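Working notes for the structure below.
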Amino acid sequence: MAASLEALRLSKEVDDKEGIAKAFYYIGDSYGNVKKDSAYFYYLQAEKVYSTLSDYDNTARMLFNKAYVLFYDGNYIECEVEISKALQYLKESKDQQLLYCCNALMGNCLEKLVNYDKALWYHRMALNNLEKIKLNHIDKDEITNYNVTATINICNLYDLKGEYLKSIAKLQGLLSSDLEKNWPRLYANVLSNLAYSKMKIGEYDNVYEMFSKSLEILKNKGDEADILYKKIRIGEYFLTQKDTAKAIEVLKEANLLATRIKNSNEILTSLKLLSTLDKKNSLYYANEYINLSDSINIVQKNAHNKYARIEYETSRIEDENKILTKKNFYILILSFASIFVLLIVVILRYSKYKNKEFQFLKKQKSANEEIYLLLMEQHEKINNARDNEKSKIAKELHDGIMNRIYGVRMNLGFFNSKVEKEIIEKRKEYIFELQNIENEVRMVSHDLSHSSFLDGNDFNVLLLSLVEGQKGISDTEFTYTTNENFEWSAIQNIYKINLYRIIQEAILNINKYANATKCEIKIQFEANSILRMSITDNGQGFDTTTKKEGIGLSNMKERTSSLKGKFSIESQIGKGTKIEVQFNIRELA
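According to full-length UniProt numbering, the sequence shown holds residues 1 to 589 in order.
Below, the structure is given as structure tokens:
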């Protein structure tokens, strides 16, 4: 009992429904025949829990246990109701042992309600269950016990219906030396029932010996209930033999035993027989019979009310719990609904704010790109004008000055025909000087025609300007490097625009969050038309797996993706961050 109560407490703590049901079941078994109403109560609690778990077999088992308590308390009508419920749950069950027990108890119950034909039907159903039990090869003792018990139950019904020959035929088939040796109690019951059936048809040979042997076996086993039944039948036997004194003696013994073990049915049986046999005390026994019958009726009525009250109180508590649960459920639903509505409002407001922010950033981005494109176009126009001007100057130098100087040099050359030594030397000096002027002008012309403004690389200047512009406004030392002799003029503007914006966004993030002392921006043009840019800082870094992606990083990824590029970011806390962008400039060509 203590272990079951502790198991119940622990199961309730962890809300283990199956454990709670088992604990109720075991507590009910602990009360058993000692306190039937308590046993009934705990079986009822176990039934309720098993029912909520849709465990039909165990629900039926608890209904059977309740019916068993009711049967041995004389509440046969209520017993029939509970067994009917159990069999309803067991319609699809494969538990043949439980089905056997339910059918057997239903047969016994209907026997008490004097519905013999229906009782026979249920006992035969129990035998059918037994045939299926045999297929599972369970314990031989158990099968023998089931078989003999079911047959005795059927034979009792034959006796009640006056079909003693059927009873004798079946009981004789059970008697064997094996049964006597291995199952003496069952053997004693079969022997006693067979003697009773023979007595009823007037075959008295060996009947008393059979009753006596049965009684002796049971006395050795100490089963007082069975001893009581045998004594009453022996009393009936002496009555048939007209041995009234012996019959009264045995029936008085039976009455005392029935009173001691509180078997009210057999007390009534013994009193009824004594009232007809003991003429001297007939009135006394008759009054005792009437008084006891009235008492039994009152007890049974009270028992009926008691079990009905247990059912009602349990049902009332369940209803109250359901109402409370329903109330709590509505409160919970209302709370969740309120939270949900509030959450929806917050989400809508946040979405509206984010949408406005996105539209603003989108417009800003579009305006910046337009401005940058205009700036680049303007730079191209300026460069074209400067290139045209340089070409014009180069042409003037080459076609004008060079030709005149060349003419002077030729004229001076003609003066070399004069042979005066001094003039010749002077002319040579002029000619040499003119050659120097010619070479110098040629070099200037060549440089002008092949150079461009700022080395033909305005975008490089823009990037340098962006990086240099961080001095004085940031604690980070930014450096910018690229391939030598890399011509940005060969790269489409769309790549340059997005690279510029990515670098600009990265610098902004580094200044705001990185706490870096150094940052290197590196652009390389590799083989197979691959343009690669990396931005590396030595700042505080972050965990890329947990940190939510901000708008800046999202914009960088979006710009890279729009040009079919590859974007990657590597960062660890305390180890800085590296952003790498890669384009194949042929893909948009």
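Ideal placement from N, C-alpha and C gives every residue a C-beta, glycine not left out. Nothing here was measured: the structure is a model prediction, and the numbers come from that model.
Report yes if the C-beta distance between residue i and residue j is below 8 Å; otherwise report no.
i: F583; j: G565; result: yes
i: I503; j: I491; result: no
i: residue 675; j: I585; result: Residue numbering for the chain in the displayed model covers 1 to 589; residue 675 lies beyond these limits and cannot be assessed.
i: A46; j: L105; result: no
i: L63; j: E78; result: no
i: A247; j: L277; result: yes
i: S197; j: I168; result: yes
i: S11; j: A23; result: yes
i: T476; j: I523; result: no
i: K252; j: S192; result: no
i: S270; j: I232; result: yes
i: I185; j: L218; result: For clarity, residue 185 is Arg in the given sequence; the question names Ile instead. Result yes, Cβ atoms of R185 and L218 sit closer than 8 Å.
i: R61; j: L98; result: yes
i: C102; j: L90; result: yes
i: residue 592; j: G576; result: Limits of the chain in this structure are 1 at one end and 589 at the other, which puts residue 592 out of reach.
i: K17; j: L53; result: yes
i: S214; j: A188; result: yes
i: M199; j: V190; result: no
i: E580; j: S534; result: yes
Just to confirm the assignment, what range does the alpha helix (DSSP H) spanning residue i have?
i: Y122; result: 116 to 135
i: F238; result: 224 to 240
i: N189; result: 184 to 200
i: A150; result: 140 to 160
i: G550; result: Run containing G550: none; DSSP gives neither H nor E here.
i: Y204; result: Per DSSP, Y204 belongs to no alpha helix (DSSP H) and is neither H nor E.
i: Y72; result: Premise fails: Y72 is in no alpha helix (DSSP H) and is neither H nor E.
i: E6; result: 2 to 13
i: T544; result: Here T544 belongs to no alpha helix (DSSP H), and DSSP marks it neither H nor E.
i: Q504; result: 493 to 509
Using the C-alpha atoms, what's the distance from residue j back to residue i?
i: E224; j: D55; result: 38 Å
i: K161; j: Y116; result: 7 Å
i: N498; j: T560; result: 8 Å
i: E92; j: T59; result: 13 Å
i: S335; j: L127; result: 59 Å
i: E570; j: N538; result: 12 Å
i: K48; j: Y42; result: 10 Å
i: I507; j: A337; result: 46 Å
i: G74; j: D15; result: 37 Å
i: residue 591; j: E80; result: Limits of the chain in this structure are 1 at one end and 589 at the other, which puts residue 591 out of reach.
i: L268; j: L292; result: 7 Å
i: L462; j: R501; result: 12 Å
i: G202; j: S84; result: 39 Å
i: G19; j: E13; result: 11 Å
i: Y237; j: I154; result: 22 Å
i: A3; j: Y40; result: 19 Å
i: N281; j: S51; result: 55 Å
i: E180; j: L157; result: 24 Å
i: Y289; j: D205; result: 33 Å
i: W488; j: F459; result: 7 Å
i: T481; j: L466; result: 13 Å
i: S176; j: A7; result: 46 Å
i: K557; j: R532; result: 15 Å
i: S30; j: L239; result: 42 Å
i: S295; j: G107; result: 27 Å
i: L348; j: L553; result: 24 Å
i: Y26; j: V69; result: 15 Å
i: Q540; j: K547; result: 14 Å
i: D159; j: L194; result: 10 Å
i: K354; j: I473; result: 30 Å
i: K118; j: Y76; result: 14 Å
i: L273; j: V114; result: 21 Å
I need the boundaries of the beta strand (DSSP E) containing residue i, first residue and last residue.
i: M210; result: That residue, M210, is in no beta strand (DSSP E); its alpha helix (DSSP H) goes 207 to 221.
i: T479; result: 477 to 482
i: I473; result: Note, I473: premise wrong, no beta strand (DSSP E); not H, not E.
i: Q582; result: 577 to 584
i: M533; result: 530 to 537
i: S568; result: 566 to 571
List the DSSP bridge partners of residue i.
i: V250; result: BP columns for V250 are empty, so no partner.
i: C519; result: F478, D537
i: Q524; result: R532
At a cut of 8 Å, does the stretch 148 to 166 reach the stretch 119 to 136 through at least three beta carbon pairs? yes
Below 8 Å, how does it come out for the stretch 129 to 146 and the stretch 162 to 175: are there three or more Cβ pairs, yes or no? no
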